[in-house]
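Colleague: This structure is in structure tokens; I'll ask about it shortly.
There are 2 protein chains.
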Amino acid sequence: MSSTIRDVANRAKVSPSTVSAVLNDKGYVHPKTRTRVLNVIRELNYTPRRSARNLTNQRSGNLGFILNERYFNRAEPFYTRVFLGTEFQARNHDLYVLFTSVDESYSSPKQLPRFLQEQNVDGVIIAGEVPDVLIEDILSRDVPLVLIDFGNEDMNVTRVLIDNKQGVRLATRHLIAQGHTAIGFVGGSSYHPSGKERFRGYCQAMGEANIEVNKDWIECSDIPASMELGDFGFENLLKRCQPPSAVVCFNDATAFGVIRAARRHSIKVPTQLSVVGFDDVEASSIMHPPLTTVKVFKEDLGAEAVRSIVDRIQNPEKRPITTRIGVELIVRQSTEEFKPR
Amino acid sequence: MSSTIRDVANRAKVSPSTVSAVLNDKGYVHPKTRTRVLNVIRELNYTPRRSARNLTNQRSGNLGFILNERYFNRAEPFYTRVFLGTEFQARNHDLYVLFTSVDESYSSPKQLPRFLQEQNVDGVIIAGEVPDVLIEDILSRDVPLVLIDFGNEDMNVTRVLIDNKQGVRLATRHLIAQGHTAIGFVGGSSYHPSGKERFRGYCQAMGEANIEVNKDWIECSDIPASMELGDFGFENLLKRCQPPSAVVCFNDATAFGVIRAARRHSIKVPTQLSVVGFDDVEASSIMHPPLTTVKVFKEDLGAEAVRSIVDRIQNPEKRPITTRIGVELIVRQSTEEFKPR
DNA sequence: TCGTAATATCGAACCGGTTCGATAATTATT
DNA sequence: AATAATTATCGAACCGGTTCGATATTACGA
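For the record, the sequence lines run as chains E and F. Under the working numbering, think of the first position of the first sequence as 1, with each following residue one higher. Under the working numbering, think of the first position of the second sequence as 1001, with each following residue one higher.
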């Protein structure tokens, strides 16, 4: 067995409490004693055991990261990166991140993630959409909670959001600057707050440029954001009207779907149709043509969520706040200057 | 504060040890007492605290999952899924998975992941290539270890591997069945064991069909498996000879690179060049044309690794074993019948 | 009916840290 | 020089479980 604090204490001829004081920089320790203890610590290659620390400190040293089963199964590259961001930042706070998924059908506290039942987390980060009941159940247990890319004002929860409106505004303005005026929008239901915001960004940019929005160009269905959403959406749009010269999409997956549908109709991207996405997932730069998109700093979302949750753990009395993470337009080759036919 | 085992004990008029016996199905407990205790447990909504259990049980209840920083930064969709597989299986064993990355430049035990220093894991899973020293350092600490898709025979470590040879054999045979004979191979260095095995699978399939392998068709460079590998590799190949009619690639990323290079040279995929990948990452089905590839059951790799590590934890004396996870050929549209020009 | 075995429950000790009040030693104050 | 304040160290108790030997009760066999 490896050494304990008492081994160190014996060897350094002090009491365990003194060793503890050295380890945690607490109370009075004579400099001479301190170095003596530190030397023994080095000699024995001693590190306090996590499980022991956790028990006395009445904390678990873990953060929970919850993802909707739907995203989980798809291994959504977006949320994966968000998770990596939390993991990275958690190290700075001497915390670990426990990952789990929660089912769409969540309805009772009995289905709460294991780490909550076992009080094995000091706080929880939820990424993306989950059932509202889950959020309520967590809040009612007085576990610090932070939502990433989800939640609304009246939930009274700390949130870390994407600057959706600004992102789509940038994307739309980019198309306008390229001479496009017939600009469509393919998005999802307005249930998810991001959906609403992104649509607003589109409207705002169009308004700012005094371009009238043709309702036929707008396609919002209730399917979750995905390739299918883009594919069916654009297909639907084509049933109604002539294709616009450019389309703003809810996210990259949607854009891939739009491009697929366009290809089916022999509409060339970007020559006949400019397409812009949102997120900048890995595939976007691999695709042909590489996708013009709004880059979301996914790791930053995660990192900021950890910062927020640590703040909430330390100051539980503080009111919940909302942080927005900036975005950046990445111009690639799925958009080009409008050429009248 | 939430209730403890003593609260339950008091309420049920038994001693804590009896409650513990009920919880763990150990020793003799009268059925009547058992139900009484169980009722109180339900009433108080009691769940034993993880940190307390961990301390007495002298275990952490955690598994460590280590990924090379290189893969980590790219959020490799492959290893992400492997991780998800471990997480999922870990639940069945009442374990949590702690994720971390380790730097390419690892050289000293001081750089060991935090969870090892703090003895916060009962076993470690390493996915993909890492510095050999890291493996040695972990083994020398007597921490159960399982490697996924890495390691060789003389390492004497439990491994979970992909059936690489069979996979590439299937892929190559598929091309041969389509009438191709000029079949190239674009792979990486033979340092990674998978690289070697996949190349062997190609050679074997060619041999079995009595097709002579033209060395010019084979391109192996030392770049890590990536789009660049495929791009440069195919570019190099074209400098040497006429393009083959089909190419087997080390993995999907490599295949994407080959397709990019082919496009640059106006070689149409699949009309003029059939391309087959390996892994079946998400992007492969999104691409145009959708990639024919060898599907690796990534979650199974992770799940099997957890099963192996649990086995190693419980039977440390057992000799390390190697498991192979099967593969499946997924035919999409990046390959088609050979048409002589 | 007695002795032994099986059943049932308990209390104390322990896991490896941290905390905090008690105490001792040193220094400052007047 | 006596007292107060500061510095330094310690020991015991505690966190919330589990373990295990001791003890009490019941069942069984001869």
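Built from N, CA and C at the ideal position, the CB exists for glycine as well.
Expressed to the nearest angstrom, what Euclidean distance is found between the alpha-carbon atoms of E:LEU23 and F:SER1003?
Modeller: As a position in the first sequence, residue 23 of chain E is number 23, starting the count at 1. As a position in the second sequence, residue 1003 of chain F is number 3, starting the count at 1. So the alpha carbons of these two residues sit roughly 31 Å apart.
Colleague: Using the three-state DSSP reduction, which class does E:PHE88 fall into: helix, strand or coil?
Modeller: On the first sequence, residue 88 of chain E is found 88 positions in, with the first residue counted as 1. Of the three classes helix, strand and coil, the one that applies to E:PHE88 here is helix, per DSSP.
Colleague: Please identify, using Cβ separations under 8 Å, the residues of the stretch 275-299 of chain E that lie next to chain F, in order along the chain.
Modeller: GLU282, ALA283, ILE286, MET287, HIS288
Colleague: Quick one, are the C-beta atoms of F:ILE1330 and F:LYS1295 less than 7 Å apart?
Modeller: Taking the second sequence and counting its residues from 1, one reaches residue 1330 of chain F at position 330. Taking the second sequence and counting its residues from 1, one reaches residue 1295 of chain F at position 295. For F:ILE1330 and F:LYS1295, yes; Cβs fall inside 7 Å.
Colleague: Identify whether E:ASN24 lies in helix, strand or coil by the three-state DSSP scheme.
Modeller: What you label residue 24 of chain E is simply residue 24 of the first sequence in a count that begins at 1. Three-state result, E:ASN24: helix.
Colleague: Buried or exposed: F:SER1108, going by 16 or more other Cβ atoms within 10 Å of its Cβ?
Modeller: The count along the second sequence starts at 1 and reaches residue 1108 of chain F at position 108. When all chains shown are included, F:SER1108 counts as exposed.
Colleague: Please name the residue, chosen from F:LYS1026, F:ILE1005, F:ARG1332, that lies closest to F:PRO1016 on a Cα-to-Cα basis.
Modeller: As a working mapping, residue 1016 of chain F is identified with position 16 in the second sequence. Checked all of F:LYS1026, F:ILE1005, F:ARG1332; the closest Cα to F:PRO1016 is F:ILE1005.
Colleague: Could you tell me whether any Cβ in chain F is nearer than 7 Å to the Cβ of E:LEU98?
Modeller: Walking along the first sequence from the start, residue 98 of chain E turns up at place 98. Yes, because at least one Cβ of chain F sits closer than 7 Å to the Cβ of E:LEU98.
Colleague: Going by beta-carbon coordinates alone, are F:ARG1074 and E:GLU118 separated by less than 7 Å?
Modeller: Position 74 of the second sequence, counted from the start, is the residue given in the question as residue 1074 of chain F. Position 118 of the first sequence, counted from the start, is the residue given in the question as residue 118 of chain E. No, Cβ-Cβ distance for F:ARG1074 and E:GLU118 is not below 7 Å.
Colleague: Assign E:CYS249 to buried or exposed, taking buried as 16 or more other Cβ atoms, counted over all protein chains shown, within 10 Å of its Cβ.
Modeller: For the purposes of this step, residue 249 of chain E is taken as the residue at position 249 of the first sequence. Buried is the call here.
Colleague: Closer than 8 Å is the cut-off here; do at least three beta carbon pairs connect the stretch 1206-1224 of chain F with the stretch 1176-1185 of chain F?
Modeller: yes
Colleague: Where does E:PRO193 land, buried or exposed, given buried means 16+ other C-beta within 10 angstroms?
Modeller: In the first sequence, residue 193 of chain E corresponds to position 193, counting from 1. With 16 or more Cβ atoms within 10 Å of its Cβ, E:PRO193 is classed as buried.
Colleague: With a cut-off of 8 Å on the beta carbons, I'd call E:GLY201 and E:LYS165 a contact; round off their distance for me.
Modeller: The count along the first sequence starts at 1 and reaches residue 201 of chain E at position 201. The count along the first sequence starts at 1 and reaches residue 165 of chain E at position 165. Contact flag correct, Cβ pair sits at about 4 Å.
Colleague: Apart from the five residues on each side of it in sequence, which residues of its chain come closer than 7 Å, Cβ to Cβ, to E:ARG36?
Modeller: Within the first sequence, numbered from 1, the residue matching residue 36 of chain E stands at position 36. Closer than 7 Å at the Cβ level, and outside the excluded window around E:ARG36, lie ALA12.
Colleague: DSSP on E:GLU153, reduced to helix/strand/coil?
Modeller: Here the question's residue 153 of chain E lines up with position 153 in the first sequence. Residue state, collapsed to three classes: helix.
Colleague: Kindly list, in the order they appear in chain F, the residues whose Cβ is closer than 9 Å to that of E:GLN272.
Modeller: Numbered from 1 along the first sequence, position 272 holds the residue referred to as residue 272 of chain E. In chain order: nothing, as chain F lies at least about 16 Å away.
Colleague: Under three-state DSSP, which class holds E:GLY187?
Modeller: Sequence index remark: in the first sequence, residue 187 of chain E carries index 187 (1-based). Note: E:GLY187 maps to strand in three-state DSSP.
Colleague: Quick one: what's got a C-beta closer than 8 Å to E:LEU116's C-beta in the same chain, skipping five residues either side?
Modeller: Taking the first sequence and counting its residues from 1, one reaches residue 116 of chain E at position 116. Excluding positions up to five away in sequence, the list reads GLY64, VAL124, ILE138, ARG141, VAL143.
Colleague: Quick one: what's E:VAL97 bridged to in DSSP?
Modeller: Here residue 97 of chain E corresponds to residue number 97 of the first sequence, with the count starting at 1. Partner(s): E:LEU63.
Colleague: Buried or exposed for E:ASN45, going by 16 or more other Cβ atoms inside 10 Å?
Modeller: On the first sequence, position 45 is the one that residue 45 of chain E refers to. It counts as exposed.
Colleague: Using a 10 Å radius around the Cβ and a threshold of 16 neighbouring Cβ atoms, would you call F:ASN1062 buried or exposed?
Modeller: Taking the first residue of the second sequence as position 1, residue 1062 of chain F is located at position 62. With 16 or more Cβ atoms within 10 Å of its Cβ, F:ASN1062 is classed as buried.
Colleague: Taking the DSSP output, what are the residues bridged to F:GLU1219?
Modeller: Indexing the second sequence from 1 puts residue 1219 of chain F at position 219. Answer is F:VAL1186.
Colleague: E:ASP279 by DSSP, collapsed to three states: which one?
Modeller: Within the first sequence, the letter at position 279 stands for residue 279 of chain E. DSSP places E:ASP279 in strand when its eight states are reduced to three.
Colleague: Candidates E:PRO48, E:ARG81, E:GLN333: which alpha carbon is nearest E:THR271's?
Modeller: Position 271 of the first sequence holds residue 271 of chain E. For E:THR271, the closest C-alpha among the options E:PRO48, E:ARG81, E:GLN333 is that of E:GLN333.
Colleague: Tell me the residue span of the beta strand (DSSP E) that contains F:GLU1328.
Modeller: Looking up residue 1328 of chain F in the second sequence gives position 328. Unbroken beta strand (DSSP E) run through F:GLU1328: 1327-1330.
Colleague: Indicate whether at least one CB of chain F lies closer than 7 Å to the CB of E:LEU55.
Modeller: Taking the first residue of the first sequence as 1, we reach residue 55 of chain E at position 55. Yes, because at least one Cβ of chain F sits closer than 7 Å to the Cβ of E:LEU55.
Colleague: Who are the Cβ neighbours of E:PHE338 in its own chain at under 7 Å, not counting the five residues just before and after it?
Modeller: By 1-based counting over the first sequence, the position of residue 338 of chain E is 338. GLN178, GLY179, HIS180, SER245.
Colleague: In angstroms, rounded to a whole number, what distance separates the CA positions of E:VAL29 and E:LEU38?
Modeller: Stepping through the first sequence from its first residue, residue 29 of chain E is reached at position 29. Stepping through the first sequence from its first residue, residue 38 of chain E is reached at position 38. Cα to Cα, the separation comes out at about 12 Å.
Colleague: Assuming F:ALA1127 and F:TYR1079 are in contact, meaning their beta carbons sit under 8 Å apart, how far apart are those beta carbons, in whole angstroms?
Modeller: Position 127 of the second sequence, counting from 1, holds the residue named residue 1127 of chain F. Position 79 of the second sequence, counting from 1, holds the residue named residue 1079 of chain F. The Cβ separation is near 5 Å, so the contact holds.
Colleague: Any C-beta of chain F sitting closer than 7 Å to the C-beta of E:PRO52?
Modeller: Indexing the first sequence from 1 puts residue 52 of chain E at position 52. Reading the sequence as shown, one finds Ala at residue 52 of chain E and not Pro. Judged by the 7 Å Cβ criterion, E:ALA52 is in contact with chain F.
Colleague: Taking all protein chains shown into account, decide if F:ARG1198 is buried (16 or more other Cβ within 10 angstroms of its Cβ) or exposed.
Modeller: In the second sequence, residue 1198 of chain F corresponds to position 198, counting from 1. Buried is the call here.
Colleague: Checking 7 Å against the spacing of the C-beta atoms, do E:ASP149 and E:ILE162 come in under that value?
Modeller: Taking the first residue of the first sequence as 1, we reach residue 149 of chain E at position 149. Taking the first residue of the first sequence as 1, we reach residue 162 of chain E at position 162. Yes, the Cβ-Cβ distance between E:ASP149 and E:ILE162 is below 7 Å.
Colleague: Return the chain-ordered ranges of every alpha helix (DSSP H) run that is complete within the stretch 277-326 of chain E and spans a minimum of 4 residues.
Modeller: Segments of the alpha helix (DSSP H) lying fully in the stretch 277-326 of chain E: 282-286, 298-314.
Colleague: Does DSSP put E:CYS241 in a helix, in a strand, or in coil?
Modeller: Counting from one through the first sequence, the residue named residue 241 of chain E turns up at place 241. Three-state result, E:CYS241: coil.
Colleague: Looking only at C-alpha atoms, which of E:GLY277, E:GLU235, E:GLU282, E:LEU273 sits nearest to E:ASN251?
Modeller: Counted from its first residue, the first sequence places residue 251 of chain E at position 251. The shortest Cα separation from E:ASN251 among E:GLY277, E:GLU235, E:GLU282, E:LEU273 belongs to E:GLY277.
Colleague: Measure the beta-carbon distance from F:SER1101 to F:LEU1145 and round it to whole angstroms, keeping in mind my assumption that it falls under 8 Å.
Modeller: Position 101 of the second sequence, counted from the first residue, corresponds to residue 1101 of chain F. Position 145 of the second sequence, counted from the first residue, corresponds to residue 1145 of chain F. Contact flag wrong, Cβ pair sits at about 17 Å.
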